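Participant: Quick one: the structure is below, questions incoming.
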Amino acid sequence: MSHKSDLIENDILAYLREHEQKELLRILTCGSVDDGKSTLIGRLLHDSKMVYEDQLDAVTRDSKKSGTTGDKPDLALLVDGLKSEREQGITIDVAYRYFSTSKRKFIIADCPGHEQYTRNMATGASTCDLAIILIDARHGVQEQTRRHSYIVRLLGINHVVVAINKMDLENWSEDRFNEIKSEYTELAKKLGLKDLRFLPMSALSGDNVVEPSQNMPWHKGPTLMHIIESVHIGKDLTQKDLRFPIQWVNRPNLNFRGFSGQIASGVVRVGQEIKVMPSGRDTVIKEIHAPDGLVDEAFAPMSVTLTFEDEVDASRGDTVVPKQAKPVVTNRFEAMMVWMNDDDLVPGREYIIKQGPHQTVCQVNHVGYRHNVNTFEKEDASKLRLNEIGKVEIRTIEPLVISDYDQNRALGGFVIIDRMSNLTVGAGMARVDSRTAQDHWQTPPPTGVTRPELTIPESDRVRLNRHHPATILITGLSGSGKTTTAHELSRALFQREINSFVLDGQMMRSGLNRDLGFQPSERSENLRRTMEVAKLLNDQGAICIAGFVAPEDHARQSARSLIGDGRFIHVHLSTSISVCQSRKGSNHNGQSDNRTNVPGVTEEYEVPENAELVIDNTNLTPEHVAELILAELDQRKITL
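Per the numbering used here, residue 76 is the first one in the sequence shown, and the count goes up by one each step.
Listed below in structure tokens is the structure:
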């Protein structure tokens, strides 16, 4: 519903253009049951002349049957549309109302107050910029007030208007207003709510809704309408790094291939160097197609189509970021979850996770705790029930480009979908910190999973195989000869009639680890999965030879701990970068594979300090290197 304007009659096109340029404010109203949320919205619409005559007539008629205001029109009926809502005089579902003034466009979400409708409130709050929390002046801060304030903070709504309603029933008392204001201020400090505005009002009589109250001259602040028309809601999205989730590959003909989506944050410009995540392939922005044609730059939250200078593999769910950016790319992260289904959230069950345009399969590893939204206490929990909120750890099949929800809603928010019913069963807010991008070395197995005992003693396998189990991890820069050395060592063992298994990094990426890219966390995960395979083979008595770049000392030490000191031998090839470059050519200046994350070149390579063998193979043949490693195995009595 739009405001009245002379342009509507004189120049409708000019009016529509003016209307299109207005800023949109999304508002959430919440509070305890019967605090007057629906009445407030109805009064806001009525006093700002945004209710049509036939609507008002209908409300007047319905008020005689379902109203609570006697002979006067019950303006709450403008919002409470469900039959059960009108019969009970409460809000059950989220009701949306659209209107505008000469300054702004508004969408108001009127959310239910009951605890059993927490999921409905979370749905309404997820896209809002400002929350109006109503408090009944007679009752003050209630449990539902505390719960709704917590959800407002959880959902990242930064601007809050605390509307202390029904002041007429407290004789317009300034002391009562200040008492409630002081109580809520303490609550806001605990929750971290910062931009607070307190407003005494009476939605029933219209005091301080659109016009200033004549009954409360002691209040010198603005009315509610003035606040929502003037509050600054700039999210400063343009000040953050570019994040552009690809929603659609636009291919109308053979001559055009673009990538469409909405800019989640930042600015994109023609000629800008970018990369597509999670693959890490880089290119340059060639064109930016906006709804009205080509533009030189675009910013959040514009919807545009980008074209690239190069033929880069990009598809729905990928994310465009600046070339030098280092976004968090992971398939394991923590999140706050609002559970929205009658069936409990049980760790270990597979769901579909939808993060913007990206959709993949996920599993909740475990529930960290359940948050009591009335007392703000953390409670032990193994599962989440309907309307409960808790912290969970999620593992996905494919890696996600993810941000903390408070920093970027588009990349931090997601929903969980049941694979059988296709119902949305949960809504989550990612919590990203310095630990998020780490690997799974310390992740416990799913609940109920135990490693079975081996039935054949290791000593029997040693006697049969004529060698002890071991894992030889060969590390070094790309081009140092890891793969060649691994295969030569395997050949040398074979000549001794000892079978071995080569687990090369590229070999693993072509199969088991094909979902992993080349971010540090993904390199670590590539090594972890391979070491898990090596441990299984070691337990069966085998010798494994693994060739990996493994640039991080943390990952190498984790591999040692996983395999065990008695079975683990670390061999580092200390070949210089210049020799590696001569062997691999342009692969080491980042040009041949379009990757910017090359350890030892564009990223740090942490030189190992406790390797069992450090070999500079610049002038050594692969056979010679293999002999040195064999000598180490003999000395350790791995071979018999």
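C-beta: ideal position from N, C-alpha, C; glycine also. Nothing here was measured: the structure is a model prediction, and the numbers come from that model.
Rounded to whole angstroms, what's the CA-CA distance from Pro432 to Ile183? Just pull it up for me.
Facilitator: Start at 1 with the first residue of the sequence shown, and residue 432 comes out as number 357. Start at 1 with the first residue of the sequence shown, and residue 183 comes out as number 108. Distance between the alpha carbons of Pro432 and Ile183: 26 Å.
Participant: Can you list, in chain order, the residues of its chain with a C-beta nearer than 6 Å to that of Ala45? Leave out the 5 residues immediately preceding and following it.
Facilitator: Shown here, the chain extends from 76 to 715; a query on residue 45 therefore has no answer.
Participant: If I'm right that Gly443 touches Glu425 with Cβ under 8 Å, what's the distance once you round it to whole angstroms?
Facilitator: In the sequence shown, counting from the first residue as 1, residue 443 sits at position 368. In the sequence shown, counting from the first residue as 1, residue 425 sits at position 350. At roughly 19 Å, the Cβ-Cβ gap does not stay under 8 Å, so Gly443 and Glu425 are not in contact.
Participant: If you reduce the DSSP assignment to three classes, tell me which class Gly639 lands in.
Facilitator: Stepping through the sequence shown from its first residue, residue 639 is reached at position 564. Of the three classes helix, strand and coil, the one that applies to Gly639 here is coil, per DSSP.
Participant: Within this structure, are the beta carbons of Thr394 and Cys437 separated by less than 7 Å?
Facilitator: In the sequence shown, the residue the question calls residue 394 occupies position 319. In the sequence shown, the residue the question calls residue 437 occupies position 362. No, these two residues do not count as a Cβ contact at 7 Å.
Participant: Is Leu715 helix, strand or coil when you go by DSSP?
Facilitator: If you number the sequence shown from 1, residue 715 lands on position 640. Coil.
Participant: Quick one: Cα of Lys350 to Cα of Ser651, how far?
Facilitator: For the purposes of this step, residue 350 is taken as the residue at position 275 of the sequence shown. For the purposes of this step, residue 651 is taken as the residue at position 576 of the sequence shown. Lys350 and Ser651: Cα-Cα distance of roughly 29 Å.
Participant: Taking buried to mean at least 16 other C-beta atoms within 10 Å of its own C-beta, is Gly520 buried or exposed?
Facilitator: Translated into the one-based positions of the sequence shown, residue 520 becomes position 445. The residue you asked about is not Gly; residue 520 is Pro in the sequence shown. By the neighbour-count rule (16 or more Cβ atoms within 10 Å), Pro520 is not buried but exposed.
Participant: Can you tell me whether Val379 is buried or exposed, with buried defined as 16 or more other CB within 10 angstroms of its CB?
Facilitator: Residue 379 sits at position 304 when you count from the first residue of the sequence shown. Its Cβ being crowded by 16 or more others within 10 Å, Val379 is buried.
Participant: Can you tell me the Cα-Cα spacing of Thr166 and Leu120, whole angstroms?
Facilitator: The count along the sequence shown starts at 1 and reaches residue 166 at position 91. The count along the sequence shown starts at 1 and reaches residue 120 at position 45. Here Thr166 scores only 41 on pLDDT, less than 50, and its place in the model should not be relied on; the value that follows carries that caveat. Looking at the two C-alpha atoms, the distance is approximately 17 Å.
Participant: So which of Phe273, Ile302, Gln517, Lys264 has the shortest CA-CA distance to Glu286?
Facilitator: The sequence position of residue 286 within the sequence shown is 211, counting from 1. Closest by alpha carbon: Ile302.
Participant: Quick check on Gly592: buried or exposed, where buried means 16 or more other Cβ atoms within 10 Å of its Cβ?
Facilitator: Looking up residue 592 in the sequence shown gives position 517. With 16 or more Cβ atoms within 10 Å of its Cβ, Gly592 is classed as buried.
Participant: Going by the DSSP bridge assignment, what does Phe383 pair with across the sheet?
Facilitator: For the purposes of this step, residue 383 is taken as the residue at position 308 of the sequence shown. DSSP, once it has assigned bridges, lists Ile360 as partnering Phe383.
Participant: Based on Cα-Cα distance, which residue from Ser107, Ile308, Asp709, Arg460 lies nearest to Lys180?
Facilitator: Sequence index remark: in the sequence shown, residue 180 carries index 105 (1-based). Of the listed residues, the one whose Cα sits closest to Lys180 is Ile308.
Participant: Quick test of the definition: if touching needs 3 or more C-beta pairs under 8 Å, does the stretch 325 to 335 touch the stretch 372 to 391?
Facilitator: Yes: at least three Cβ pairs fall under 8 Å.
Participant: Going by DSSP, what residues sit across from Asp470 in a beta bridge?
Facilitator: In the sequence shown, residue 470 corresponds to position 395, counting from 1. First, the amino acid is wrong: residue 470 is Arg here, not Asp. Arg407, Gln438.
Participant: If we ignore side chains and look at the alpha-carbon of each, how far apart do Asn613 and Ala701 end up?
Facilitator: Start at 1 with the first residue of the sequence shown, and residue 613 comes out as number 538. Start at 1 with the first residue of the sequence shown, and residue 701 comes out as number 626. Going by the C-alpha atoms only, they are around 20 Å apart.
Participant: Look at the Cβ atom of Arg221, then the Cβ atom of Asn449, and state whether they are nearer than 7 Å.
Facilitator: To locate residue 221, count along the sequence shown from 1; it is residue 146. To locate residue 449, count along the sequence shown from 1; it is residue 374. Yes. Within cutoff.
Participant: With burial defined as no fewer than 16 other Cβ atoms inside 10 Å of the residue's Cβ, what is the status of Lys610: buried or exposed?
Facilitator: Counted from its first residue, the sequence shown places residue 610 at position 535. By the 10 Å Cβ count, Lys610 comes out buried.
Participant: Looking only at its chain, what residues have a beta carbon closer than 8 Å to the beta carbon of Ser390, apart from the 5 residues adjacent to it on each side?
Facilitator: On the sequence shown, residue 390 is found 315 positions in, with the first residue counted as 1. Only Ile321, Val324 meet the Cβ criterion.
Participant: Between the Cα of His542 and the Cα atoms of Val108, Ile549, Ile573, which residue gives the shortest distance?
Facilitator: Reading the sequence shown from its first residue, position 467 is the one you call residue 542. Measuring from the Cα of His542, the nearest candidate turns out to be Ile573.
Participant: Reducing DSSP to helix, strand and coil, say where Glu286 ends up.
Facilitator: In the sequence shown, the residue the question calls residue 286 occupies position 211. Here Glu286 sits in strand by DSSP.
Participant: Would you kindly check if the distance between the Cβ of Gly465 and the Cβ of Arg445 is under 7 Å?
Facilitator: Looking up residue 445 in the sequence shown gives position 370. Looking up residue 465 in the sequence shown gives position 390. Contact flag set, yes.
Participant: Tell me the rounded alpha-carbon separation between Arg631 and Ser596.
Facilitator: For the purposes of this step, residue 631 is taken as residue 556 along the sequence shown, with counting starting at 1. For the purposes of this step, residue 596 is taken as residue 521 along the sequence shown, with counting starting at 1. Each residue's Cα considered, the two are about 13 Å apart.
Participant: For the structure I just gave you, are there three or more beta carbon pairs, one from the stretch 687 to 702 and one from the stretch 521 to 539, closer than 8 Å?
Facilitator: Verdict: no, contact absent.
Participant: Does Trp414 pass the burial test, meaning 16 or more other C-beta atoms within 10 Å, or should it be called exposed?
Facilitator: Start at 1 with the first residue of the sequence shown, and residue 414 comes out as number 339. Answer is buried; the Cβ neighbour count reaches 16.
Participant: To which residues of the same chain is Val490 closer than 6 Å at the C-beta, ignoring the five residues directly before and after it?
Facilitator: Your numbering for residue 490 matches position 415 in the sequence shown. Counting only Cβ-Cβ distances below 6 Å, and skipping sequence neighbours, we find Lys429, Thr499, Ala502.
Participant: Note down, in chain order, each residue of its chain lying with its Cβ closer than 6 Å to the Cβ of Lys178, except the 5 sequence neighbours on either side.
Facilitator: Counted from its first residue, the sequence shown places residue 178 at position 103. Excluding sequence neighbours, Lys178 sits near Glu304.
Participant: What does the alpha-carbon distance come out to for the pair Asp709 and Pro626?
Facilitator: Here residue 709 is taken as the residue at index 634 of the sequence shown, counted from 1. Here residue 626 is taken as the residue at index 551 of the sequence shown, counted from 1. Their backbone Cα atoms lie some 28 Å apart in a straight line.
Participant: List, from N- to C-terminal side, the alpha helix (DSSP H) runs of 4 residues or more that fit wholly inside the stretch 232 to 302.
Facilitator: The qualifying runs are 249 to 266.
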